Structure formats: structure tokens, C-alpha cells
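In the numbering used here, the protein residues as written are -9 to 305.
Using N, Cα and C, we set each Cβ at its ideal position, and we do this for glycine too.
The model shown is predicted, which means the values in this text are computed figures rather than measured ones.
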Amino acid sequence: MSDPVVADAPAPVPPPAPPRRAVGWIVAVSILGALLVAVVGVSAWLYVERTQDRATIDDQQREIEDQRQQLDEQRELIDRKEAFGAAVEGLLGEVEGMRGMPMASVIPWDSYDSLTWQAWSRRWDVEGLDTSIRAVEDARARLAAERAEAAAAASVNASGSAYEAALDALGQGYVSWSLDDVCSTADAIACVRALDPRVVHVDVAAEAEPYMTDRIRTGVAYHEFAHVLQFANPEPTETALDAFGGDPETMADCFALTFLDGWTLDSRVWDSGSSYWDVSVGYGVECDDAQKQVIRDWRSRLGVQVRAIGPGATS
Ligand SMILES: [Zn+2]
């Protein structure tokens, strides 16, 4: 038996060798691709990281800048508040210089209170506080000017009148007199009006009476000055009036009788050796010692006193 005929059969052809190099390249390409992806990924990550870092730094700088700005604003506000406090101190110092001046109403406390309340409402507003500081400084300047004017007025009797001599001494230059006909009461020698409560109006006709003497003028000036004090010090006056049955005229007469030595409501004025006038000045009621004491107590309580102003002040 022969072997199966296979002699002519071609020898089996081995299958082609696998393309090793190609596989190698593919692997290489794959690795490169993966590396590339990795590199790109790392770059992107780095980029994102760096961008985020940048953003964080910017935010921090902005925050620091904001804080610096806030600190600057707070410092400015503190400066203004201190300047306002100093301006108020200056104003109250000016008032202190007028302590005891008998017309308390010369000090416009309501206006000062308003200025400080206004500043309080502007406590977070630098420009508003600047305006308030100027307003308080202006108020101090006005008071200083008024004080200087009063001192100058009191230092000289410009009219040469007994009225001015008495009023300068009593009112420290804050009370003036005027010769006119504005007194509405018939037969009034002089008057003080609520309209201008620091001016004594002397009636021009009364002034021309032949019996008018400097002694009478002085007594009238004391009586009228009591009216000035009544207007300028309403609260203590209200209490003192009780001793006079609520009558400001007999109270004013009593002021003259208490403080002007030798003053009487009735006097005899000689014209010449043989003729005279019996002159009655006032409202015909002589006050007693108890009433004179009320007048002294009243007078001692009057006048300018320093007090606190604005938020937190008690009055
Ligand atoms: Zn009177």
C-alpha cells in the first residue's frame, strides 16, 4: 500500500507571518496617542489650575482693596466726628464765656440741639458731617460777634442818655433803647415788646414832658429792664409772678424798688423855687419785703447757663 498520493500535492504553505512591525507601530501609535492625550490633559489641568489661582489672587486683591477703602472711609468718618465734637466744644466754650449774663434767651439752645441732631443723622456721611461742622462753627462765630458787639455797646454811652447808662449797666450791652412812639398803652413812658424783647422803647412825647428827669429815666429803665428779664427767662418768671398775683407790671415796679437805691414810685419834681410836679411812675403798688426777696431770688436764678446739647443730652 502506498501512501496516499500526496506527492504532487504542493507542500503546505505556511501562513504568512503576521506583520510584526505593523503591530509594533500600532502599539507605538497607541502609546503616543495616550501620551499625547495625557500631555494635553495635564496642560489643560494646569491651565485650569493656573486660571483658578489667578482668579483667587484677583479676588483677594479686590477684597483687600475693598477693606482698605472701608478703613479709609471709617477713618474719615472718625476724623469728622472728632472735628464735629471739637466744634461743639468751641461753641459751648463761647457760651461758657457768657455764663451769668442775665438774658438766657440770647443762647438759641433749640437751634444748637437741632444742629447736633442733624449731625447725628449724618453720622455715616462725610460730606454731611462737613456741613454740620461748618454750621456749628458759624454758630460759634455769631455768638462771639454778638458778645463783642455787646461789650463794645456797654463800654460807651453813645446817646448820652440816662436810659442808656442804666441799661448798659444792667443788660451788659445786650439791651438797647429807642426813642419812638410804638408803645400802644396810653400814657406809657416806655415799653418792651415781645416783638423785639431786648429793646426798650421810650415814648417820644413822654420824653418831652417838663418833669422828666434823669432820676425818673433811671427808675423807668429799671422797670423796663425787668420786662426784658421776664421775656428772656420765661420759666423762672412764671414762678416768681405768683408772688405778684400774676401781674408783670407790679413785679417790674418791685424790681426797681428792690435794686435801685432810694427809688420810690411817687416823687416831687421841682421846676423852680416855687413850682413842682408830683409825678407817679408805675402802677401804684409798693411791694413788701417778702416780695422783694422773691425778686432777689428770681434775679439770682436768671441768666445763661451751659448745658449739654444733642443726642444723649438731658435738659
Ligand atoms: Zn411795665
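As a beta-bridge residue in DSSP terms, residue 191 pairs with 168 and 181. For residue 242, the shortest separation between its Cβ and any heavy atom of ligand 1 lies below 8 Å.
A residue is called buried once 16 or more other Cβ atoms fall within 10 Å of its Cβ, and residue 41, having fewer, is exposed. Rounded to whole angstroms, the Cβ separation of residue 165 and residue 194 is 19 Å, and the two are not in contact under 8 Å. A direct Cα-Cα distance of roughly 14 Å separates residue 271 from residue 241.
Looking at the backbone, the Cα of residue 222 and that of residue 94 are separated by about 6 Å. With a cut-off of 8 Å, the C-beta of residue 238 is classified as near ligand 1, since at least one heavy atom of the ligand falls inside that distance. Here DSSP, grouped into helix, strand and coil, assigns residue 258 to strand.
Within the same chain, 82, 85, 86 and 89 come within 8 Å of residue 296 by CB-CB distance, once the 5 residues on both sides are set aside. In the three-state DSSP reduction, residue 85 falls in the helix class (H, G or I). In chain order, 207, 208, 211, 212 and 215 place their CB closer than 8 Å to the CB of residue 156, counting only its own chain and leaving out the 5 sequence neighbours on each side. Assignment of alpha helix (DSSP H) within the region 134 to 166, counting only whole runs of 4 or more residues, yields 152 to 161 in chain order. Non-local beta-carbon contacts of residue 201 in its own chain, meaning distances under 8 Å to residues more than five positions away in sequence, involve 259, 261, 267 and 269 in chain order. Following the DSSP letters along the chain, one finds residue 110 inside the alpha helix (DSSP H) bounded by residues 99 to 111.
Closest in alpha carbon position to residue 196, among 205, 243 and 180, is 180. In this structure, DSSP gives residue 212 a helical state, which the three-state scheme calls helix. Its Cα nearest to that of residue 229, the residue 289 stands out among 289, 162 and 73. Ranking 299, 102, 248 and 50 by CA distance to the CA of residue 287 puts 248 first. Counted as a single uninterrupted DSSP element, the alpha helix (DSSP H) harbouring residue 243 occupies residues 238 to 249.
The C-alpha of residue 126 lies about 27 Å from the C-alpha of residue 144. Bounds of the beta strand (DSSP E) holding residue 270 are 266 to 270. In summary, residue 149 is exposed, with fewer than 16 beta-carbon neighbours lying within 10 Å of its beta-carbon over all protein chains present. DSSP, reduced to helix, strand and coil, places residue 72 within a helical segment of the structure shown. Ranked by how close their Cα comes to the Cα of residue 231, the residues 283, 257, 183 and 182 have 283 in first place. A distance below 9 Å separates the beta carbons of residue 141 and residue 162.
Within the same chain, and ignoring the five residues on either side of residue 73 in sequence, the residues whose Cβ sits closer than 6 Å to its Cβ are 123.
Distance from the C-beta of residue 191 to the nearest heavy atom of ligand 1 is not below 8 Å.
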